[in-house]
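Visitor: Handing you this structure, nothing more for now.
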Amino acid sequence: MYQSFSKRQLLAMTWWNRPKLKEREGIICDGAIRSGKTLSMVTGFFLWSMTCFDGCCFGLCGRTIGALRRNIIGNLPAWLGDVVQIRENRSENKLVVTDRAGRCNTYYLFGGQDESAYKVIQGITLAGVLLDEVALMPRSFVEQACARCSVAGSKLWFNCNPEGPEHWLYKEWIQKARQKNLLHLHFTMADNPGLDPAIRARYEAMYTGVFYRRYILGQWCMAEGLVYEFEPQRHITKDIPQNGRYYISVDYGTRNPFSAGLWCVSDGRAVRIREFYHSGRDSGKMLTDEEYYRELERLAGSLPVEFVVVDPSAASFIATIRAHRRFSVRKARNEVLSGIRLVGSLLREGYLQFAPCCKDAIREFSLYRWEEDGQIDRVQKENDHAMDDIRYFCATVLGRKRRNNGGRSNEELSGE
Ligand SMILES: Nc1ncnc2c1ncn2[C@@H]1O[C@H](COP(=O)(O)OP(=O)(O)OP(=O)(O)O)[C@@H](O)[C@H]1O
Ligand SMILES: [Mg+2]
């Protein structure tokens, strides 16, 4: 076990054994990323269940079984190896845990987003569930998991990072925690004594806008206003690299605008060195795929382009590019929110830069906004063409490097 825990972590681990709190039906921990929620809650969950039950079944749920294995199961020996013996039965997705007193309980593993999880959990009787990253699970799964907890003395253990203020988990569980007789603990990064200040600073530098407020400050806030914090004096550069690795990214449209950017990645930065932008509607002139292809050739000039990243739905244009045999093509990774988060981080770091001639990208940065109307994060579907091709480039070309950088990836935060 770890040597030192913060006060809040200790509370998350031991509330079930404290006279004033032990009657609570469960606990919800929310707040900043890396604030020590999962470690303290999982430890508490096992201590509670092994102290209070013998021969019972519990549910241990992550977003997916893979996420559960990565974030929790692999760490259990370090967190609990001194006090219990843990055996994993991988084919049955369960853990069998025994303690020195001979007590033995079974923990079924579920991925809240896995298709079959819902069916599996339907038939089971549990003495408690732990839902890690509960805000990323479907509401129906969470309700089903709770409904399975019919053993006397059963308790619910939830933790998550914040989403928008209209999220069902916030409205139905966090705001009603008292009513539902649940203990609500809000974590900040200061609650994790194991978080190295340099790592903390790195996380703080990674997020901007709504994501900073949610993941770093731990607030349930709305995505509002401009999507990106674009600073012309910082992000527009006349210093164009003379060599590097070249890529083109494309957002395809016929009536809607078509946007393509030529990128040069070198010396710790990615510069959009020129672009092509055409609005069929505004210009009154619709271009064919062949005409667009010629513009792509013109954009590339004689540069050795590694590949062209294209909007995955643009099947006809992808076929046209392939037929000409000059460029290789990759379909873009196009998950919107994790892509936006990545572009935001790269802008914040000053890694993404724009030549002054990229006027349409620069214009869209000042217009691209969140839709401020509902339960889920959405961007307005206008002024988003260069924004989309930039996102495709970042997610497809730069994202991989990012994902290998350690810490929490974008995918993990959005539950992809
Ligand atoms: N008391 C502690 N001592 C040492 N290391 C700790 C302590 N608490 C947490 N950690 C470590 O800090 C990291 C983050 O902790 P944890 O995963 O519990 O945070 P979290 O709040 O669940 O984060 P996220 O929201 O990103 O899932 C982990 O590597 C964990 O092992
Ligand atoms: Mg966690």
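Using the working numbering, read the sequence shown as starting at 12 and increasing by one per residue.
For each residue, glycine too, the CB sits at the ideal point set by N, CA and C.
Below 9 Å between beta carbons: does that hold for Q124 and V108?
Guide: Going by C-beta atoms, Q124 is not nearer than 9 Å to V108.
Visitor: Would you tell me roughly how many angstroms separate the C-alpha atoms of R352 and A112, rounded to the nearest one?
Guide: R352 and A112: Cα-Cα distance of roughly 48 Å.
Visitor: Whole angstroms is fine: what's the gap from I76's alpha carbon to N172's?
Guide: Roughly 19 Å separates the two Cα atoms.
Visitor: What span of residues does the beta strand (DSSP E) with W168 cover, start to end?
Guide: Unbroken beta strand (DSSP E) run through W168: K166 to C171.
Visitor: For the alpha helix (DSSP H) that R374 lies in, which residues bound it at each end?
Guide: First-last of the alpha helix (DSSP H) with R374: K370 to F376.
Visitor: Using only the heavy atoms of ligand 1, determine whether one of them is closer than 8 Å to the beta carbon of T75.
Guide: Outside the cutoff, so no.
Visitor: Considering only heavy atoms of ligand 4, does any lie closer than 8 Å to the CB of S356?
Guide: Ligands in the displayed structure: ligand 1 and ligand 2; ligand 4 is not one of them.
Visitor: Going by DSSP in three states, D207 sits in which element: helix, strand or coil?
Guide: Coil, per DSSP.
Visitor: What do you reckon, is the C-beta of D143 under 8 Å from a heavy atom of ligand 2?
Guide: The answer is yes for D143.
Visitor: Is it buried or exposed for L378, if we count other Cβ within 10 angstroms and need 16 for buried?
Guide: Result: exposed.
Visitor: Pull up the distance between the alpha-carbon of N254 and that of G55, whole angstroms please.
Guide: About 55 Å.
Visitor: Put F57 into one of helix, strand or coil per three-state DSSP.
Guide: F57: helix per DSSP, three-state reduction.
Visitor: Taking the straight line between their C-alpha atoms, what separation do you get for K130 and A156?
Guide: When rounded, the distance between both Cα atoms is 11 Å.
Visitor: With a threshold of 8 Å, establish whether the CB of T49 neighbours any heavy atom of ligand 2.
Guide: Correct: T49 has its Cβ closer than 8 Å to ligand 2.
Visitor: Output the residue ranges of the beta strand (DSSP E) runs that lie fully inside the segment 99–130 and measure 3 residues or longer, sorted by chain position.
Guide: DSSP runs (the beta strand (DSSP E)) wholly in the segment 99–130: 105–110 and 115–122.
Visitor: Helix, strand or coil, according to DSSP, for E147 in the structure here?
Guide: The sequence given here places Leu at residue 147; Glu does not occur at that position. Of the three classes helix, strand and coil, the one that applies to L147 here is helix, per DSSP.
Visitor: Skipping 5 residues on each side, what residues in its chain have a beta carbon closer than 6 Å to that of Y119?
Guide: Closer than 6 Å at the Cβ level, and outside the excluded window around Y119, lie G70 and K105.
Visitor: Which one of G164, Q190, M148 and A158 has the shortest CA to CA distance from E174?
Guide: Checking every option, the nearest Cα to that of E174 belongs to M148.
Visitor: What I want to know is whether the C-beta of N170 ends up closer than 8 Å to one or more non-hydrogen atoms of ligand 2.
Guide: Yes - ligand 2 has a heavy atom lying nearer than 8 Å to the Cβ of N170.
Visitor: Whole angstroms is fine: what's the gap from P268's alpha carbon to D143's?
Guide: So the alpha carbons of these two residues sit roughly 42 Å apart.
Visitor: I need the DSSP call for Y226, collapsed to helix, strand or coil.
Guide: Reduced to three states, the DSSP call for Y226 is helix.
Visitor: Going by DSSP in three states, V94 sits in which element: helix, strand or coil?
Guide: Coil.
Visitor: Within 8 Å: the Cβ of L206 and any heavy atom of ligand 1?
Guide: Under cutoff, so the answer is yes.
Visitor: What is the DSSP secondary structure of I401, counted as helix, strand or coil?
Guide: Residue state, collapsed to three classes: helix.
Visitor: Cβ atoms of C368 and F198: under 9 Å apart, would you say?
Guide: Cβ distance not < 9 Å, so F198 and C368 don't count as in contact.
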